[in-house]
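Report on the structure given below.
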Amino acid sequence: MILVTGGAGFIGANFVLDWLALNDEPVINLDKLTYAGNLDSLASISGDPRHIFVHGDIGDIALISQLLDTHKPRAIINFAAESHVDRSIHGPEDFIRTNVMGTFNLLTATRTYWNGLPDGDKQSFRFLHVSTDEVYGSLDANDPPFTETSQYQPNSPYSASKAASDHLVRAWHHTYGLPVLTTNCSNNYGPYQFPEKLIPLMIMNALAGKPLPVYGDGLNIRDWLYVGDHCSAIRTVLAKGRPGEVYNIGGWNEKTNMEVVNTLCDILDQSHPSSPVTPHRELITHIRDRAGHDRRYAIDARKIERELGWKPAETFETGIHKTVAWYLDNQTWVSHITSGEYRQWIDKQYGSAA
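Quick note: the sequence shown uses this note's numbering, first residue 8, plus one each step.
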């Protein structure tokens with residue numbers, strides 16, 4: 008059995024669904040169900056005895072300890088995090104509480120549990136911490152991509168809180184011997200992503216004939232990783248990774264935001280010509296840039312390929328077509344999560360441009 012934290016969020020839900028589709032090992036799924044946690048994403052495994060959902064917080068040491076003592080998981084995969092840069096700028100306190108203190112409390116409970124395991128179980132146990140490339144800061148156009156030894160230079164409250172959590176995980180390995188693994192991934196996209204993020208926001212607005220808000224000149228570069236590839240990489244690290252090691256996970260798909268938005272518009276021109284406004288590129292609206300907006304992220308994913316044999320299966324072209332098709336086919340899921348609170352947030356962040 009494994010314990011997954013944040014398993015009702017975007018990446019966590021995809022991981023749980025893929026895990027149960029590929030093997031019969033049960034999953035305890037702990038999620039606080041904040042705005043981005045959505046049980047609708049797990050509807051296909053509702054009632055599956057292999058999936059045990061628990062509504063709770065990684066900061067609740069008593070609850071974590073109870074779950075560990077009751078279910079005796081062989082591994083913990085920690086997805087639980089506040090993860091949206093824009094929200095961290097408006098309200099950094101939640102990011103410190105969840106990403107820093109929550110990780111600390113999770114590590115505290117895990118260490119106590121791990122110390123009490125029999126020697127064989129203790130040797131095979133793993134704590135896998137899922138993090139982000141944003142902890143490394145921003146790259147210039149000609150800089151080499153981030154490697155596992157790149158200096159940490161976080162620039163937003165979000166990335167700073169994730170950097171702090173990474174350092175805690177590292178310290179628990181080097182000080183206490185806890186067998187940890189850390190992954191730092193590039194920008195994920197795919198099914199079940201909350202539509203405040205770039206790709207689902209553009210899809211939803213385009214279908215509704217609303218403006219497509221693009222920060223600044225739109226030339227900020229990200230490395231795009233299809234979420235299914237990310238999930239397969241995490242499974243690989245869990246199975247083969249060396250305790251104490253860091254593995255960068257990237258898609259080898261550097262794209263400017265404008266390239267991404269233009270690609271989405273062109274796909275929707277073909278697949279959804281009945282939208283209120285076509286061609287969809289007419290909806291693109293440039294808005295004031297995000298405060299402290301990092302210019303470029305890029306991941307060097309050669310270590311995980313060289314040492315563990317993993318590389319992404321999807322190109323950006325195949326992954327983005329799958330993503331658009333999923334959102335077109337799952338409008339009910341979208342309508343359930345685009346609540347009044349979500350609309351208030353979008354209006355606050357993008358104003359009349361959204």
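Using N, Cα and C, we set each Cβ at its ideal position, and we do this for glycine too.
| field | Closer than 8 Å to chain D by CB, Asn255 | value | Absent from the structure is chain D; it holds one protein chain and no more.
| message | Going by beta-carbon coordinates alone, are Pro220 and Tyr334 separated by less than 8 Å? | response | By 1-based counting over the sequence shown, the position of residue 220 is 213. By 1-based counting over the sequence shown, the position of residue 334 is 327. No, the pair does not count as a contact, with Cβ atoms beyond the cut-off.
| query | Asp150: which of Asp307, Ala28, Ala171, His293 sits nearest, CA to CA? | reply | Here residue 150 refers to the residue found at position 143 when the sequence shown is read from its first residue. Checked all of Asp307, Ala28, Ala171, His293; the closest Cα to Asp150 is Asp307.
| Taking Cβ to Cβ, would you say Gly5 is nearer than 8 Å to Ser193? | It is not possible to answer for residue 5, since the shown part of the chain is limited to 8 through 361.
| query | On the three-state DSSP scale, how would you describe Leu226? | reply | In the sequence shown, residue 226 corresponds to position 219, counting from 1. Leu226 falls in the coil class under three-state DSSP.
| Backbone secondary structure at Trp352 - three-state DSSP | If you number the sequence shown from 1, residue 352 lands on position 345. Note that Trp352 scores 42 on pLDDT, short of 50, meaning its location in the model is unreliable; the coordinates nonetheless yield the value given after this. It is helical.
| request: State the start and end residues of the unbroken beta strand (DSSP E) segment that holds Phe60. | output: Numbered from 1 along the sequence shown, position 53 holds the residue referred to as residue 60. Element bounds for Phe60: 58 to 62.
| task | Please state if the CB of Val253 and the CB of Asn191 are separated by a distance shorter than 8 Å. | result | Locating residue 191 in the sequence shown gives position 184, counting from the first residue. Locating residue 253 in the sequence shown gives position 246, counting from the first residue. The Cβ atoms of Asn191 and Val253 sit closer than 8 Å to each other.
| Inter-residue Cα distance where the pair is Ile291 and Leu214 | In the sequence shown, counting from the first residue as 1, residue 291 sits at position 284. In the sequence shown, counting from the first residue as 1, residue 214 sits at position 207. Cα-Cα distance, rounded: 13 Å.
| Unbroken stretches of the beta strand (DSSP E), 3 residues or longer, contained in the segment 173 to 226 | 187 to 192, 194 to 196, 219 to 222
| task | Work out the CA separation of Phe201 and Trp352 for me, nearest whole Å. | result | On the sequence shown, position 345 is the one that residue 352 refers to. On the sequence shown, position 194 is the one that residue 201 refers to. The predicted position of Trp352 is uncertain, since its pLDDT is 42 and thus under 50; a value taken from the coordinates is nonetheless stated next. One C-alpha to the other measures close to 12 Å.
| said: Quick check on Pro164: buried or exposed, where buried means 16 or more other Cβ atoms within 10 Å of its Cβ? | reply: The count along the sequence shown starts at 1 and reaches residue 164 at position 157. Result: buried.
| field | Touch test, the segment 242 to 253 against the segment 182 to 191, Cβ-Cβ under 8 Å, three pairs minimum | value | yes
| query | Quick one: any contact between the segment 84 to 92 and the segment 142 to 161, if contact means 3 or more CB pairs under 8 Å? | reply | no
| said: Rounded to the nearest angstrom, what separates Asn269 and Ala332 at their Cα positions? | reply: For the purposes of this step, residue 269 is taken as the residue at position 262 of the sequence shown. For the purposes of this step, residue 332 is taken as the residue at position 325 of the sequence shown. Between Asn269 and Ala332, the C-alpha separation is close to 16 Å.
| Three-state class that DSSP yields for Trp231 in the structure shown | Locating residue 231 in the sequence shown gives position 224, counting from the first residue. Here Trp231 sits in strand by DSSP.
| request: Alpha carbon to alpha carbon, how far is His136 from Ile84? Give it in angstroms, no decimals. | output: Walking along the sequence shown from the start, residue 84 turns up at place 77. Walking along the sequence shown from the start, residue 136 turns up at place 129. Each residue's Cα considered, the two are about 6 Å apart.
| message | Among Ser48, Leu74, Asn21, whose alpha-carbon lies nearest the alpha-carbon of His343? | response | Against the sequence shown, residue 343 aligns to sequence position 336. Looking at the Cα atoms, Ser48 is the closest of the given residues.
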